[in-house]
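For the sequence shown, counting from 1, position 53 maps to 53 in UniProt numbering; every step adds exactly one. Where is the CB? At the ideal position from N, CA and C, for every residue including glycine. Predicted, not measured: the structure shown is a model, and the values here were computed from it. Below: the structure, in structure tokens.
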Amino acid sequence: MNIENAQVQMRKGILEFCILHIISRGEVYASDMLDELTSAHIMVVEGTLYPLLTRLKNSGWLDYKWVESSSGPPRKYYVLTEEGKIFLNAMQSTWFELAESVQTVIKRTEDMGKAASHDLSDPN
């Protein structure tokens, strides 16, 4: 596996979580989600976003409503359901636990690297 594939897999793993967070703030249009994800350096395309939104809706975690637009066809705005809010809260707890665990591993690796480089420079 090359680095690009690894990066894509890591981003895919958190995409659903980020999308639910964006929607949790209130009604949101899909292109606004794409803009926010892109500005946060989570590269996603419509071909990835729309199937994910459909899956989240089918899971009962979000819903949508159509809103008339003065500049074209009606727009679909997404909102979290009560079940979606509960699911997001559970995901957020998992995220905090996972982030803390990963930071613990990284810090230990860094500390061991410092100790190893110190041992190499110590003439005794």
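- For S69, DSSP records a beta bridge to G72.
- Between G113 and L20, the C-beta spacing is not below 9 Å.
- Of the candidates R108, A90 and A30, the residue whose Cα lies closest to the Cα of R75 is A30.
- Three or more Cβ pairs drawn from the region 77-94 and the region 9-27 lie within less than 8 Å of each other, which places the two stretches in contact.
- Listed in chain order, the alpha helix (DSSP H) runs fully inside the UniProt domain "Transcription regulator PadR N-terminal" (19-88) are 30-39 and 46-58, counting runs of at least 4 residues.
- Judged by beta-carbon spacing, L62 lies beyond the 9 Å limit of F17, meaning their Cβ atoms are not closer than that value.
- DSSP places N2 outside both helix and strand once states are collapsed to three, so it counts as coil.
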